[in-house]
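Participant: Residue numbers (this note's numbering): 686 to 1105.
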């Protein structure tokens, strides 16, 4: 059997992690853009806790969870259209095929009449599985990937951050009132994050705003996050060398989507990275991606080792990665034409990353987990009350309509006496 990078436990934990919605102001995204990241992308590598988390059940029995993880998504993010998703999965498999002539990665099995050669790993399947879970939308009556909480992120550089929080709250309320809202409960836990740019903003002002937020929303529902300790001017001066030179480890690369759909692409603009779940503009990508597929034809299976790559790309009804596919809004980041190296976190230091980890830990331990425990207790009490009501109704019914000796005969006798 082929070996995989993840165990079954890790796979289930990653796929079915709690989902957290994020609403950011425009100036927050501008601050994060200095690192070539959105806010969701910047925080995503740190959304797994290294410490053990304890959650108590309705009977107050503690349950330890290792490597607790949650998924952050922009509130207005939408999965790609089925057509674009199919193309993305096809390219994921085609880009991770192991050559049959590579003796290092191939195992040999010899029997009496057969000499078999097979691969010990299946990177194409893991790539397909990863993209599949990214592009698959939840059915109408499935709540596994619904949001448990919402984080409001505002910048300390704004003149009135509290008014921005009110605007974001109105957006959340409007979204909850729509028919396609994706919330686990009617009441969700809201968390308030004040983002402070160390290189350009006044920390005293940020502290003042933060104290006002704590007095308004509670100390356990607020956090002050300081980032960008390296000024952008110093970053530009110190990073003029070639992009291929060794730099500090980039924890974001493995979390960034390898495929994305981009709107309004023209020949006069440079393709920029865009996450599947980071920007609200991606809600409109479904219609443009429909141009990728033709109505007829058969798919050349990407796992055919001896098939020509050009034939696979040209004859597949899912389209290829040429100009026609790019003009429709789909970009394969595995393609050699789109392998431009882009650095991330240029303005972040190790202290900034530690602050992000601290924010994630405070959000989970002080906010999200107590909220989950409270909601589980409430649901358990509701179930217990319904069971009690059922027993009461059943007991009353049995009392009045039970087969007691003499009751039915007496009732019929008295009824007959009245009419005689």
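From the three backbone atoms N, C-alpha and C, an ideal C-beta is built for every residue, glycine too.
1) Could you tell me the boundaries of the beta strand (DSSP E) in which residue 747 lies?
2) Tell me which residues share the same chain as residue 721 and place their Cβ nearer than 6 angstroms to its Cβ, disregarding the 5 neighbours each side in the sequence.
3) Where does residue 697 sit, in a helix, a strand or coil, going by DSSP?
4) I need the straight-line Cα distance from residue 804 to residue 701, nearest angstrom please.
5) Thinking residue 751 and residue 737 are a contact (beta carbons under 8 angstroms), I'd like their distance in whole angstroms, please.
6) Compare the beta carbon distance of residue 795 and residue 914 with 7 angstroms and say whether it is the shorter of the two.
7) Restricting to runs no shorter than 3 residues, where is the beta strand (DSSP E) found entirely within the segment 716-746?
8) In three-state terms, what does DSSP make of residue 955?
9) Might you give, ordered along the chain, the residues of its own chain that have their beta carbon closer than 8 angstroms to the beta carbon of residue 916, omitting 5 neighbours on each side?
10) For residue 833, which residues from the same chain have a beta carbon less than 6 angstroms from its beta carbon, with the 5 sequence-adjacent residues on both sides left out?
11) Measure the Cβ-Cβ separation of residue 880 and residue 725 and say whether it is below 7 angstroms.
12) Residue 833 by DSSP, collapsed to three states: which one?
13) Quick one: residues in its chain with C-beta nearer than 7 angstroms to the C-beta of residue 1065, no 5 flanking neighbours on either side, listed in chain order?
14) Throw me the rounded Cβ distance for the residue 877 and residue 850 pair, which I believe falls under 8 angstroms.
15) Name the DSSP beta bridge partners of residue 1049, please?
16) In whole angstroms, what is the alpha-carbon distance linking residue 938 and residue 730?
17) Under 8 angstroms by Cβ, that's how I've got residue 1109 and residue 760 pegged, so tell me the actual separation to the nearest angstrom.
18) Can you pull the DSSP bridge partners for residue 795?
19) Can you give me the Cβ contacts of residue 903 inside the same chain, cut-off strictly under 8 angstroms, excluding the 5 residues immediately before and after it?
20) To which residues does DSSP link residue 937 through a beta bridge?
21) Here's the rule: buried if 16 or more other CB atoms are within 10 angstroms of the residue's CB, otherwise exposed. What is residue 887?
22) Find the nearest neighbour of residue 723 within the set 708, 734 and 733, judged by alpha-carbon distance.
23) Would residue 754 and residue 747 be called neighbours here (beta carbons separated by less than 7 angstroms)?
24) I need the DSSP call for residue 978, collapsed to helix, strand or coil.
25) Here's the rule: buried if 16 or more other CB atoms are within 10 angstroms of the residue's CB, otherwise exposed. What is residue 758?
26) Which value, in whole angstroms, describes the spacing of the CA atoms of residue 727 and residue 1068?
27) Express the C-alpha separation of residue 856 and residue 773 in angstroms, rounding to a whole number.
28) Can you tell me the Cα-Cα spacing of residue 698 and residue 691, whole angstroms?
29) By the three-class DSSP mapping on this structure, what secondary structure does residue 705 have?
30) Rounding to the nearest angstrom, what Cα-Cα distance links residue 1059 and residue 734 in this structure?
31) To the nearest angstrom, how far is it from the Cα of residue 1042 to the Cα of residue 1048?
32) Taking the straight line between their C-alpha atoms, what separation do you get for residue 767 and residue 821?
33) Assuming residue 861 is part of the alpha helix (DSSP H), what are its boundary residues?
34) Do you know whose CA, among 769, 1052 and 1070, lies nearest residue 835's CA?
35) Evaluate residue 813 with the Cβ neighbour count: other Cβ atoms within 10 Å of its Cβ, from every protein chain shown; 16 or more gives buried, anything less gives exposed.
36) In terms of DSSP beta bridges, what is residue 754 paired with?
Facilitator: Considering the structure as presented:
1) 747-750
2) 1027 and 1029
3) helix
4) 29 angstroms
5) 6 angstroms
6) no
7) 738-741
8) Any reading at residue 955 must be qualified, since the residue scores a pLDDT of 33, below 50, and its modelled position is unreliable; the value itself is stated next. If DSSP states are grouped into helix, strand and coil, residue 955 belongs with coil.
9) 884, 885 and 1032
10) 703 and 869
11) no
12) strand
13) 743
14) 6 angstroms
15) None; residue 1049 has no bridge partner.
16) 9 angstroms
17) This structure cannot settle anything about residue 1109, because the visible part of the chain is limited to 686 through 1105.
18) 800
19) none
20) None; residue 937 has no bridge partner.
21) exposed
22) 708
23) no
24) The predicted model places residue 978 with a pLDDT of 39, which falls under 50 and marks its position as unreliable; any figure quoted below should be read in that light. Three-state result, residue 978: coil.
25) buried
26) 40 angstroms
27) 31 angstroms
28) 10 angstroms
29) strand
30) 21 angstroms
31) 10 angstroms
32) 8 angstroms
33) 846-861
34) 1052
35) buried
36) 733
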